Every structure is written in structure tokens, then in C-alpha cells.
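Engineer:
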Amino acid sequence: MKFSSILSTIALITSTVIAYETTGNEVVDIVIDYSIKENPEISKNDVATWTNGDEVTLEYILENQEKSDITIIGVTGQFQNPVTNQIVTNLTTGKIGPITVASGEAVKFDQKINVDLIASNYELIPQIFIAHEDLIKVIPCRGQLMQISDKSISLFDPRLLFLELVLLVSFIGLAYVVYEIWGKQYLKFNNSTTVKVKKTAAKPAAVSQGSTTSGYDVNWIPEGHLKAKKSKKVN
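Going letter by letter, the sequence shown gives residues -19 to -1, 1 to 216 in mature numbering (1 follows the signal peptide of the UniProt record, and there is no 0).
#1: Please give the ranges of any beta strand (DSSP E) in the stretch 9 to 43, keeping only runs that are unbroken, at least 3 residues long and fully inside the region.
#2: Can you tell me which of Ala112, Asp131, Ile129 puts its alpha carbon nearest to the alpha carbon of Ser49?
#3: Classify Leu116 as helix, strand or coil using the three-state DSSP reduction.
#4: Fully enclosed by the stretch 124 to 169, which beta strand (DSSP E) runs are 3 residues long or longer?
#5: Since I believe Thr38 is in contact with Asp91 (beta carbons under 8 angstroms), could you give me their beta-carbon distance rounded to a whole number of angstroms?
#6: Would you call the CB atoms of Ile23 and Leu43 closer than 7 angstroms?
#7: Buried or exposed: where does Val56 fall if 16 or more other Cβ atoms within 10 Å of its Cβ makes it buried?
#8: For the stretch 51 to 101, list the beta strand (DSSP E) runs that are entirely contained and at least 3 residues long, ordered along the chain.
#9: Within 8 angstroms, do at least three Cβ pairs link the stretch 53 to 68 to the stretch 99 to 109?
#10: Which same chain residues end up closer than 6 angstroms to Gly124 when comparing Cβ atoms and leaving out the 5 residues on each side of it in sequence?
#11: Does DSSP put Glu47 in a helix, in a strand, or in coil?
#12: Assign Thr4 to one of two classes, buried (16 or more other C-beta atoms within 10 Å of its C-beta) or exposed (fewer than that).
#13: Please state whether the Cβ-Cβ distance between Ile80 and Val88 is less than 7 angstroms.
#14: Is it buried or exposed for Val82, if we count other Cβ within 10 angstroms and need 16 for buried?
#15: Exposed or buried, which one is Thr30 when buried takes at least 16 other CB atoms within 10 Å?
#16: Is it buried or exposed for Ile94, if we count other Cβ within 10 angstroms and need 16 for buried?
#17: Cβ atoms of Val64 and Gln128: under 7 angstroms apart, would you say?
#18: At the level of alpha carbons, what is the spacing between Lys(-18) and Asp115?
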């Protein structure tokens, strides 16, 4: 096998492959399995839970059961919709080795994945690039169901604190504008229409001297008449 041509192919794959699909029904005697380094207890029948922003490592075990050597040259993969099997996004193609695996031998290697997807359910389908018999082959691995969620934001996160500060300043500014436009006029109107009323004590009516309880003035009555009136009262 000419390694110069293989290395040139690796460079071409790494720099130009964006989307691809496997073709043909050729059977290869290569057994590949993997586990999640951060969650080794998760099996192929489980649903892995990943959070956006995490870096996840897939640990592969490849066993070459072909009659000739193979060379591992790269890793990639796809996130698919688990219901429709439509491709949602492709993993960035990563270079591996090259690692030559003799017939009947097995090797381990890793693939790092940066999680950055819309929060939803996916199926991960890793794929391995190998060079075998002067050909570049893409071998799909088993699928892994997973649930992607967004990272929760702490109350003390600088981004959240900045947002709270912006909202507070905006509220204060709005309150000041409302006061300047309507508040001052409202207070001025109330002050101008307020009237203070003082209660004054009622003054008793003046009674002139010489008046009697009968309600008339005795000064103009002749004295003889008054004496006669008094004598009648005595009798």
C-alpha cells in the first residue's frame, strides 16, 4: 500500500468533506464498537443525555478480521432525526493516525465531539474512514439515541446579571419619563385646586340694655305704667 497516496487522501478528506453518504453493499470483516468515556454505563439500548457546551469523548474499539492490513485515517459522523432518519447535521471530520491494524488485531482510539445543537432528540451515527486494498472506505457504526438539552443559567451568571442591570436601568428611565410628562402636571393641578377652609365660631346675638325677657325695650314705657303693672303682680 502506498502511504503517500493515503496521506494525500487524508488531507483531501479533512479539508473538503462536508456531506457524504456511503454507497454499495460491500461487506467488510471489521468489527467496531464504542462507548462514551464520560458515561461508560450507557449502553446502545440507553438514551444518552448531553448538554450544549459539553465536550464528549467516544472511545472506539476496532477489530480487523480481514485477511490483510487496514489503516484507520479519520472519524466523522452524523446526527439524525430518530423518527425520520433524516440527517440533521454532520460531525466535523477528524484525522486519526494513520493507525495500521494488522489482520486479527484490535486497536483503541478516541473521537471528541463538541455538543452544539438545538435542544431535541437525536440519533448519533459515527463513521470511520479506513484505507483498505488501495481504497478509502467509510464504515458506519451503531447508532446511539440521545437527548440534547440547553445548559441552565445560574442566577450569578455574568450574562444574566448584565441583563438584569439593563432591565433595571430601563425601568428607572421609563419611570422618570412618565414622571416628567404626566407626574409633575398632575401634582401641580392638585395643588392649585386645593382650598383650605377655616371654621369660625358663631358669635351670640347682642342684647341691648334695658330689654326684658319679654323681648321688648322698657325704656320707652312710662314709669307710672310700670309701677301699676308691678303692683298688679303683687296682688
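Positions of the beta carbon are idealized from the N, C-alpha and C atoms, including for glycine.
Note that the coordinates shown come from a computational prediction; the quantities given were computed from them, not determined experimentally.
Structural biologist: Straight from the coordinates:
#1: 11 to 17, 29 to 32
#2: Ala112
#3: strand
#4: 125 to 130
#5: 5 angstroms
#6: no
#7: buried
#8: 51 to 61, 68 to 71, 75 to 82, 87 to 95
#9: yes
#10: Glu104, Ile106
#11: coil
#12: A caution first: Thr4 carries a pLDDT of 39, below 50, which makes its placement in the model unreliable, though a value can still be read off. Result: exposed.
#13: yes
#14: buried
#15: exposed
#16: buried
#17: no
#18: Caution is warranted here: a pLDDT of 47 is assigned to Lys(-18), below 50, making its placement in the model unreliable, and the coordinate value is therefore given only provisionally. If I take the Cα positions, the gap works out to 8 angstroms.
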